[in-house]
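Sequence order for the protein chains is A and B.
Note that my numbering numbers the first sequence so that position 285 is 285, with each residue one more than the last.
Note that my numbering numbers the second sequence so that position 345 is 345, with each residue one more than the last.
Each residue gets a CB set at the ideal place from its N, CA and C atoms; glycine is no exception.
2 protein chains.
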Amino acid sequence: MQVPLLNDRDIEFLLFKVFDTADVLCRERYSEHTHETISMTLQTARNVAEKYFLNHYAKGDAQEPVFDGQKVTTIPETKAAWEAFAEAGFFSATCDFGEGGMQLPYIVMRAANAYFYAANPGTAGYCLLCIASADLLETFGTAAQKSRYLPHMRSGRFTGTMALTEPAQGSSLRDISTKAKPFGDGTYRLFGQKMYISGGDHDLTENIIHMVLAKTECPETGKQGISLFICPKVQVNDDGTLGARNDVALAGLLHKMGFRNATSTVLNFGEQDGAVAYLLGELNQGLSHMFQMMNDARIAVGLFATASGYQGYNYSLQYAKQRRQGRNSGASKQPGGGTQVEIIEHADVRRMLLTQKAYVEASLAMTFYASVLFEDSQSAESSAEREAAAALLDLVTPVIKSWPSKYCLAANDLAIQVLGGAGYTRDHLVEQYYRDNRLNPIHEGTEGIQAIDLLGRKVGTDGGAVFARLLSAMGADIQRGLAGSATAAIAASLQEAANELRVVTEHLLEDMGRDREAVLANASVYLDFFGRIFAAWMWLKQALSAAACLNDSGTTQEHEEFYRGKLHAAMFYARWELPKFKREAELLTGRYDEPLAMNIEWF
Amino acid sequence: MQVPLLNDRDIEFLLFKVFDTADVLCRERYSEHTHETISMTLQTARNVAEKYFLNHYAKGDAQEPVFDGQKVTTIPETKAAWEAFAEAGFFSATCDFGEGGMQLPYIVMRAANAYFYAANPGTAGYCLLCIASADLLETFGTAAQKSRYLPHMRSGRFTGTMALTEPAQGSSLRDISTKAKPFGDGTYRLFGQKMYISGGDHDLTENIIHMVLAKTECPETGKQGISLFICPKVQVNDDGTLGARNDVALAGLLHKMGFRNATSTVLNFGEQDGAVAYLLGELNQGLSHMFQMMNDARIAVGLFATASGYQGYNYSLQYAKQRRQGRNSGASKQPGGGTQVEIIEHADVRRMLLTQKAYVEASLAMTFYASVLFEDSQSAESSAEREAAAALLDLVTPVIKSWPSKYCLAANDLAIQVLGGAGYTRDHLVEQYYRDNRLNPIHEGTEGIQAIDLLGRKVGTDGGAVFARLLSAMGADIQRGLAGSATAAIAASLQEAANELRVVTEHLLEDMGRDREAVLANASVYLDFFGRIFAAWMWLKQALSAAACLNDSGTTQEHEEFYRGKLHAAMFYARWELPKFKREAELLTGRYDEPLAMNIEWF
């Protein structure tokens with residue numbers, strides 16, 4: 001059964017009705033683009049994704065990459081997909097025209113990427129990492145570094161990775177033990193092992209440019225710091241040809257539950273003389289530099305999660321419209337019992353579909369909202385606007401990363417349940433979406449890490465000023481919502497929740513001054529609480545736009561149904577999902593301490 | 001990393017402290033058994049499970065059974081496990097001594113089986129199906145039928161299946177189309193296709209006895225009914241030797257996300273002259289007869305789910321005690337930062353472990369409670385007691401099937417999260433538990449089917465009299481709980497919830513008279529609501545027993561910690577999980593109708 005990638009209608013709605021992409025197109029940098037060229041770009045993305053990525057989604061899962069001790073072999077479709085992505089220019093989508101790029105708005109680039117994530121997250125993962133590491137080089141590289149690597153990364157000749165994690169530490173980056181030793185000629189030699197490095201080896205390209213965190217020691221003070229390094233798998237000569245093989249060796253592939261077509265690797269740096277590496281950016285600023293890529297990747301994870309959730313929804317929706325089974329309770333009372341009905345006729349199946357819709361469409365809106373902020377942080381007119389957008393993005397990043405990861409996985413669970421026994425077989429893709437999506441609450445910072453980041457750091461930034469701005473943006477939408485008959489109830493429920501979000505947050509920030517550990521112990525509850533309300537805001541935004549469109553006399557029947565669906569899903573979310581915030585507020589302000597108080601010996 | 005199967009201490013606690021197995025042993029049928037012989041039996045089960053089942057848990061997943069068009073091949077360990085199970089006498093555990101059985105109480109047999117489910121659910125699935133189909137034959141078979149098949153099923157020479165589902169119907173059994181035609185000699189010929197038949201073919205034994213539902217037609221009236229048939233893969237001669245191959249053919253194996261070492265099959269009956277079959281029990285009573293096996297299987301599913309959940313908990317607990325990572329927030333402020341701590345030191349990891357504990361130990365208690373009821377329905381002294389127990393069991397069966405299926409899967413999700421990236425690799429078993437466990441909310445009646453069964457049928461049985469008895473049993477424990485200082489808070493929260501369970505149920509039963517469809521539309525919410533409160537009762541029972549044991553002067557330090565853990569987990573459940581019932585009560589009594597009201601065109 002083949003189903004559409006995402007929903008073109010929904011993407012159009014988000015880009016041009018809910019968020020103001022038309023306004024972005026008015027910015028000078030994007031003056032060559034129009035609504036029409038954007039639509040064509042998205043269509044290209046969808047076509048390439050369908051033809052070159054979707055074609056091996058199941059195959060790449062069944063035939064995962066193999067390492068024979070010498071080299072890694074992926075199925076050939078992966079390389080073909082990589083090349084098609086490069087050919088279509090998506091590696092340099094946001095680069096200047098002058099550099100051969102499309103000079104595309106970031107928000108459009110992200111929307112385009114969503115099609116690839118939906119078609120084949122494993123294969124698309126290689127592309128994402130290459131783009132994000134090229135962007136890192138773009139920001140922090142010297143002119144010489146850029147000219148040596150960037151053209152090849154933007155053309156798809158080389159891939160890129162981010163190499164942070166090590167076997168003895170996962171979430172705790174300060175504990176890495178990989179060493180970078182100055183070689184005396186301005187270069188460094190790396191010694192250490194990195195683990196869970198996605199795309200750390202493969203046969204897609206002739207070279208891989210690793211972005212590696214390693215410890216450096218100040219020769220005078222002996223003080224250690226973490227710095228960021230460029231470490232190519234193969235040295236690159238001045239003329240762009242390849243030089244000697246670097247001292248980076250694949251120790252092995254990790255075999256995963258899902259996301260199998262993307263290699264996850266253990267890499268040994270410096271088993272012989274040390275891996276030749278080049279400092280990227282400033283010494284001892286490695287973590288801070290890396291966070292550019294990490295934050296990008298966190299938003300991308302939210303979008304990956306959304307895409308898999310969306311595909312499960314699409315799949316189970318189509319199945320439910322076709323599969324006949326049982327009767328509705330009215331019919332069963334008739335003589336003869338009537339014929340079986342499509343399972344979408346059953347209220348419980350509709351509940352499972354509506355819940356999926358509520359989760360995945362809120363997630364898509366959320367990731368687009370993050371893209372708008374990113375766009376503004378780059379291209380808004382004034383520096384004040386750019387800084388304000390960047391600060392807001394920083395605040396919501398843990399939520400954008402984690403809410404879709406949790407709830408789109410829950411959506412995938414429901415997609416399986418809609419199919420019943422069929423959903424548990426590998427004849428249908430829903431089980432693969434579920435396995436693939438299970439990665440997202442883990443990588444690029446687990447849920448627990450995001451929670452501590454949000455409560456322990458982000459909401460308190462600038463004495464809570466950024467958080468206050470978020471609430472005020474929410475408040476503005478609430479006021480608009482309260483004024484409309486179709487949205488008043490939705491807005492009213494968000495108003496109550498947003499108020500509680502403010503009260504609880506203030507309470508916790510104050511409490512943290514007294515007992516940080518006890519408050520942070522329930523940070524995961526806070527993350528869920530925050531995300532739940534944030535998602536409700538995304539639904540209010542969609543409801544507002546849908547209501548406006550319904551009032552537009554030009555709306556066709558088909559579009560009318562789309563908008564009514566948005567309003568109904570928003571109402572469902574407001575009544576079924578949002579109210580759970582009350583219980584979470586109780587747990588948080590009452591500082592329920594059972595987990596913290598549990599003795600280890602009692603387990 | 002190898003972890004214990006379940007927790008012997010917990011099983012002992014449930015059998016002899018929470019539930020009154022000592023009392024069961026006083027019944028005449030069990031007079032040969034003592035606490036000691038029971039413990040030895042359980043130890044045998046654990047040993048056999050560890051040696052012959054656990055040994056190929058991962059292997060049977062990686063090398064699932066293969067069908068070459070002629071025959072099915074499983075890994076050899078599966079057959080060895082089957083034989084060890086037979087050798088140890090577990091196929092006839094509850095049979096009379098006179099028949100070569102162990103005459104074991106059912107509750108002990110179920111506890112023994114739990115070790116096998118924990119060690120290898122796929123392989124144990126073959127055993128379960130054989131026992132349950134033999135029990136069905138025992139109940140409904142003629143003397144001739146019993147003597148022809150039973151000895152071979154009880155000895156492990158033959159296996160058994162339940163063949164209900166068909167491709168064109170899953171949950172809707174009334175729509176099966178497999179036909180049974182009388183052959184004129186008292187036998188029948190079956191024609192039709194069955195799907196998702198677990199253990200429908202394999203290479204463990206020389207014969208498979210299928211229990212098949214098929215439609216029969218009354219020659220006079222033309223009215224169709226569903227009857228139950230015995231249909232052996234190979235005919236069995238009077239002397240027990242095998243006769244001709246029957247007209248039952250394997251059309252193919254289904255390839256699943258998990259539970260892979262158990263074959264799931266499509267079977268064709270009657271591709272040639274018809275599959276020879278024998279009516280089991282009465283004509284047209286097939287569904288009703290089958291429900292004996294189905295109800296057994298539903299309890300077993302609850303126990304399977306529990307076992308996988310429990311193993312994930314054990315695994316992640318042990319991992320969390322060993323893996324060092326990060327620091328607690330106190331330590332990080334010290335100069336130098338201190339060494340990394342075991343991750344169990346982190347409150348969020350403890351939260352994930354405590355949540356798992358709360359889910360899996362409540363689930364185990366729940367399935368044991370069902371076993372107690374089953375035991376009483378068979379061996380209680382008076383027929384009134386037996387009937388009362390049977391009625392209660394009937395009421396709670398949908399909950400016992402579904403609550404562990406949902407929450408132990410949630411526990412498995414948390415187990416993965418505790419391990420982080422490691423949990424997503426196939427180097428650790430937690431991902432397999434998660435994949436295996438995902439079957440349980442589907443088979444033997446999906447969550448939606450259980451929900452309709454509970455709300456649409458069970459709670460209203462006898463005008464609600466059985467439900468009232470359940471509440472009254474709960475009430476008695478609440479009163480005991482309120483009287484103890486360690487349990488008063490737990491009991492008080494359950495008291496509020498139990499009262500709400502009564503009020504909401506009465507409200508819904510009344511409402512259903514007016515608009516059954518609208519009320520049943522939210523049956524899944526009711527199932528969750530009921531299960532949540534039922535699980536809280538299981539925790540109160542455990543808390544009561546733990547408090548009593550703590551007061552016992554003979555309690556050792558190690559046991560004291562076990563009991564304190566029980567009390568703490570009960571409190572955690574009462575404060576973190578139980579209160580969600582309030583929101584569910586609102587949805588139910590307010591009859592929130594968004595799923596029912598969602599237009600199909602709006603999706």
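- Annotated three-state conformation of B/S198 is strand, per DSSP.
- The beta carbon of A/A119 sits closer than 6 Å to the beta carbons of L5, A49, F53 and L54 from its chain, once the five residues preceding and following it are set aside; these are given in chain order.
- For B/E601, the nearest CB of chain A lies under 8 Å from its own CB, placing it at the interface with that chain.
- Here B/I208 is bridged, per DSSP, to B/T159.
- Think of a sphere of 9 Å around the beta carbon of A/L596: the chain B residues whose beta carbon falls inside it are A347, R350 and R351, in chain order.
- When Cβ pairs closer than 8 Å are counted between the two stretches, the region 126–135 of chain A is seen to touch the region 153–169 of chain A, the count reaching three or more.
- Between the alpha carbons of B/V341 and A/D203 lies a distance of about 39 Å.
- The CB of A/P441 comes closer than 9 Å to the CB of D413, I416 and Q417 in chain B, given here in chain order.
- Of all C-beta pairs linking the region 525–540 of chain A to the region 396–404 of chain A, three or more are shorter than 8 Å, placing the two stretches in contact.
- By the C-beta density criterion, B/D201 is buried, having at least 16 other C-beta atoms within 10 angstroms.
- Just so you know, the alpha carbons of A/T446 and B/E166 end up roughly 42 Å apart.
- At a cut-off of 8 Å between C-beta atoms, A/D175 counts as an interface residue with respect to chain B.
- Close to chain A, meaning a Cβ-Cβ distance shorter than 7 Å, are the following residues of the region 572–584 of chain B: F572, R575, W576, P579, K580 and R583.
- Put simply, the CB of B/I197 is far from chain A, with every gap to its CB atoms at 8 Å or more.
- Residue contact check for B/H210 against chain A: no CB pair falls below 8 Å.
- Three or more beta-carbon pairs separated by less than 8 Å link the region 450–459 of chain A to the region 511–523 of chain A, which places the two stretches in contact.
- By the rule that beta-carbons nearer than 8 Å mark a contact, B/Q224 does not touch chain A.
- Rounded to whole angstroms, the Cβ separation of B/A251 and B/F229 is 19 Å, and the two are not in contact under 8 Å.
- Non-local beta-carbon contacts of A/A380 in its own chain, meaning distances under 7 Å to residues more than five positions away in sequence, involve R386 and A389 in chain order.
- According to the DSSP assignment, B/K580 belongs to no alpha helix (DSSP H), since it is labelled neither H nor E.
- An exposed status is given to B/H35, since fewer than 16 other beta-carbon atoms sit within 10 Å of its beta-carbon.
- Residue contact with chain A for B/Q311: absent (no Cβ-Cβ distance below 8 Å to any residue of chain A).
- Residue-level contact check: B/S171 touches chain A, since one or more beta carbons of chain A fall below 8 Å from its beta carbon.
- Contact between A/A262 and A/S198 holds: CB atoms are separated by about 6 Å, below the 8 Å threshold.
- A contact is defined here as three or more CB-CB pairs under 8 Å, and the region 423–442 of chain B meets this definition with respect to the region 427–447 of chain A.
- Per DSSP, A/T425 lies in no alpha helix (DSSP H) segment and is marked neither H nor E.
- Looking at the backbone, the Cα of A/W82 and that of A/P65 are separated by about 15 Å.
- Put simply, of B/H443, B/G420 and B/G421 the residue whose alpha carbon is nearest the alpha carbon of B/S402 is B/H443.
- Unbroken alpha helix (DSSP H) runs of no fewer than 4 residues, entirely contained in the region 212–293 of chain A, are not found.
- A direct Cα-Cα distance of roughly 25 Å separates B/L419 from A/Y117.
- Cβ-Cβ separation between A/G309 and A/V236: approximately 39 Å, too far for a contact (criterion under 8 Å).
- From the beta-carbon of A/I344, the residues of chain B found nearer than 7 Å are I600.
- Note: A/E166 is bridge-paired with A/Q169 in the DSSP secondary-structure output.
- DSSP places A/P398 outside any beta strand (DSSP E); the residue lies instead in the alpha helix (DSSP H), whose first and last residues are S383 to L419.
- Counting along the chain, B/A488 sits inside the alpha helix (DSSP H) bounded by residues A488 to L520.
- Chain-order list of chain B residues neighbouring A/Y592: R575 and W576, by C-beta distance under 8 Å.
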